[in-house]
Amino acid sequence: MRVRFAPSPTGALHIGGARAALYNWLLAHQLNEQGSGTRGTFMLRIEDTDRERSTDANVAQILDALTWLGLQWDEGPISQVGNTPRHQEALAQLLADGHAYHSNATAEDVKNYKQTHGADRGFRGEPESSGAVRLHVPDDGHTGFEDLVRGEVSFPNAAMDDPVIARADGSVLYNFAVAVDDLDAKITHVVRGEDHISNTPKQLLVFEALGATPPQYAHLPLLHGPDGKKLSKRHGAASVQELRDAGYLPEAVNNYIALLGTGFAPDEEFFTLQEMAERFRLDRVSRSPAVFDEQKLRHLNGMHLRALELDELTERLEQFTGRSGLHDAVAISREKIQTLADFWPLAGFLFDGPADDPAAFARTIGSDAGREALADARAALAEVQAFTPAAVEQALRAVVERRGLKPGQVFQPVRVAIAGTTVSPGIFESVALLGRDRTLELIDRALAR
RNA sequence: GCCCCCAUGGUCUAGCGGUUAGGACGCCUCCCUUUCACGGAGGAGAUCGCCGGUUCGAGCCCGGCUGGGGGUACCA
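Quick note on the working numbering: the first sequence kicks off at 8 and runs consecutively.
Here it is as structure tokens:
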């Protein structure tokens, strides 16, 4: 099995593109049916025949995103324009065989033709000695294929226009280049977005004209935003780098976008890349578009976050925040965060001091009762010998007991004194981590306000 | 307009002729409890888009309709 992911570098790697890449990767990483112990090949090809919009910066971004996701390609990346000689050769062959012809017909001409012949009559040009190159489409019959996720898909030839496969200047167009490249690369399965489904018959016709056997095709449903429209920038994070910047883990992104279009088990949703590769089946892929739901991504991200080894999580968090020495703080925060971005707002006070939240202060320490509880807590903590979470807990609970309060009436003032806000990791763990001196200093400062 | 694809709770899915239509996210209640989370126990929420047909029996098969989406470029 040889598959490929062939993005056009006209922008960052979109989530939909990432899913296409992932599904191809999963396919290539499945062991061959014959039990030979070998797997397929995942090729990366950059579809850069659109010189206007393709940029090197976009290519770099796409490679970066795929690398981050861990979707390593086995071959490539190859540039489509790099295949120009071969494209020209194939083009000359079709021209010589009479499968294609030169035509000066413009888009306007095509429109007019349909005006007079009916919208269901495709445009057929007259061969000329110069101009763009169009492929001959049969007048009758259908061009169809067995889509691996949808089943039989068929297009009436009569409704198809003779597609332009090369510009007047000789440069080839997408539908022609793709077919030639897939043929040359011996691609066996083309797995791509549904927006390509109507391109397939054109490519099939190119294979036919070349006398070659086409690969098998599978078209994935598109991803939509919450409004049911095609997913785009206006729906928030739509590119892989935006997800990375938002603190999502590649493991979770892969897991989530894979789930968005297929199920791997009736009642399980947490999977690693390897597990997904083992279970993935093209014929199990959904045929209907899915809505991207960041809430669920967050949930899955939390699960993957907690599944990481502490050292590994720490490393990623240090990379994400640009800070170091986070290990102990991560240990007491990990079960309270869902994304890497959640960490600093929760535990940053352990390093940079309390946050400024006047409302939280007023609510917990602003009252006489709050100040008294805090003062008592301070006194109790000052007496603690070994400053461990357990010892801190014992001391603080003793205060609760002595004053006949509810736990929160003591813990919250302490929390706000050290963290500045009412949300933090466990209070005993936080206090212990800060140490006695620092804790007492912060409490004193709060008491002095 | 024309061509193509799709249709299970708000969202993602399981279901593959006979189920109390299962799970997950989200939402609500409760437990745990020191905040937030995590974990645990419950709950609300679906006439399986609609109408016909096939069948003893249809979410599952067939047809039509409606709705949504994609394409319709000398873009990819």
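For glycine and all other residues, C-beta sits at the position ideal for the given N, C-alpha and C.
For residue j and residue i, the rounded distance between their alpha carbons
i, j, result
"residue 340", "residue 350", "7 Å"
"residue 373", "residue 297", "49 Å"
"residue 266", "residue 151", "29 Å"
"residue 283", "residue 251", "21 Å"
"residue 66", "residue 17", "8 Å"
"residue 285", "residue 453", "56 Å"
"residue 7", "residue 318", "Outside the displayed range of the chain (8 to 456) lies residue 7, so it cannot be described from this structure."
"residue 428", "residue 415", "14 Å"
"residue 86", "residue 55", "7 Å"
"residue 216", "residue 134", "17 Å"
"residue 238", "residue 249", "14 Å"
"residue 202", "residue 225", "12 Å"
"residue 105", "residue 142", "9 Å"
"residue 354", "residue 336", "7 Å"
"residue 69", "residue 49", "16 Å"
"residue 360", "residue 421", "14 Å"
"residue 320", "residue 345", "12 Å"
"residue 329", "residue 348", "12 Å"
"residue 235", "residue 222", "32 Å"
"residue 157", "residue 27", "16 Å"
"residue 19", "residue 313", "29 Å"
"residue 212", "residue 140", "14 Å"
"residue 258", "residue 326", "16 Å"
"residue 45", "residue 307", "31 Å"
"residue 13", "residue 36", "18 Å"
"residue 128", "residue 149", "13 Å"
"residue 71", "residue 247", "10 Å"
"residue 378", "residue 424", "10 Å"
"residue 385", "residue 29", "54 Å"
Top-ranked residue by Cα proximity to residue i, from the options
i, options, result
"residue 295", "384, 268 and 326", "268"
"residue 218", "100, 17, 22 and 356", "100"
"residue 47", "16, 21, 222 and 81", "81"
"residue 333", "293, 441, 203 and 415", "441"
"residue 137", "354, 381 and 111", "111"
"residue 130", "166, 157 and 45", "166"
"residue 299", "314, 278, 309 and 262", "262"
"residue 254", "304, 274 and 61", "304"
"residue 419", "450, 393, 445 and 147", "450"
"residue 147", "155, 376, 168 and 278", "168"
"residue 74", "108, 32, 107 and 62", "32"
"residue 3", "183, 194 and 195", "No statement about residue 3 is possible, as the shown extent of the chain runs from 8 to 456 and does not include it."
"residue 195", "407, 10, 443 and 435", "10"
"residue 38", "8, 368 and 198", "8"
"residue 177", "91, 119 and 409", "91"
"residue 387", "455, 356 and 438", "438"
"residue 61", "51, 89 and 15", "15"
"residue 107", "197, 145, 274 and 311", "145"
"residue 51", "25, 292 and 382", "25"
"residue 256", "279, 273 and 272", "279"
Coil, strand or helix - residue i by DSSP
i, result
"residue 316", "coil"
"residue 59", "coil"
"residue 264", "helix"
"residue 118", "helix"
"residue 279", "coil"
"residue 292", "coil"
"residue 128", "coil"
"residue 71", "helix"
"residue 202", "helix"
"residue 8", "coil"
"residue 147", "coil"
"residue 226", "strand"
"residue 456", "coil"
"residue 2", "This structure leaves residue 2 out entirely; the chain is present only between 8 and 456."
"residue 154", "strand"
"residue 40", "coil"
"residue 163", "strand"
"residue 82", "strand"
"residue 237", "strand"
"residue 135", "strand"
If you scan the region 333 to 393 from start to end, which runs of the alpha helix (DSSP H) of 4 or more residues do you find wholly inside it?
Counting whole runs of 4 or more residues, the region 333 to 393 contains the alpha helix (DSSP H) stretches 334 to 340, 347 to 354, 356 to 359, 365 to 371 and 375 to 390.
Three or more beta-carbon pairs under 8 Å between the region 173 to 189 and the region 94 to 102, yes or no?
Taking a contact to require three or more Cβ pairs closer than 8 Å, the region 173 to 189 and the region 94 to 102 qualify as touching.
Cβ pair count under 8 Å reaching 3, the region 221 to 239 against the region 56 to 63:
No, the region 221 to 239 does not touch the region 56 to 63.
Is it a yes or a no for the region 183 to 193 touching the region 156 to 167, going by three-plus beta-carbon pairs under 8 Å?
Counting Cβ pairs under 8 Å, fewer than three are found: no touch.
At a cut of 8 Å, does the region 418 to 428 reach the region 390 to 397 through at least three beta carbon pairs?
Segments in contact, no.
Could you give the uninterrupted runs of the beta strand (DSSP E) lying entirely in the region 169 to 223, keeping only those of 3 residues or more?
Qualifying beta strand (DSSP E) stretches, in chain order: 171 to 173 and 196 to 200.
Any chance the region 109 to 125 sits against the region 72 to 81, with 3 or more Cβ pairs inside 8 Å?
Using a C-beta cut-off of 8 Å, the region 109 to 125 makes no contact with the region 72 to 81, since fewer than three inter-stretch Cβ pairs fall below that distance.
Could you tell me which uninterrupted alpha helix (DSSP H) segments, each at least 4 residues in length, are contained entirely in the region 402 to 455, listed from first to last along the chain?
Qualifying alpha helix (DSSP H) stretches, in chain order: 414 to 426, 434 to 441 and 443 to 455.
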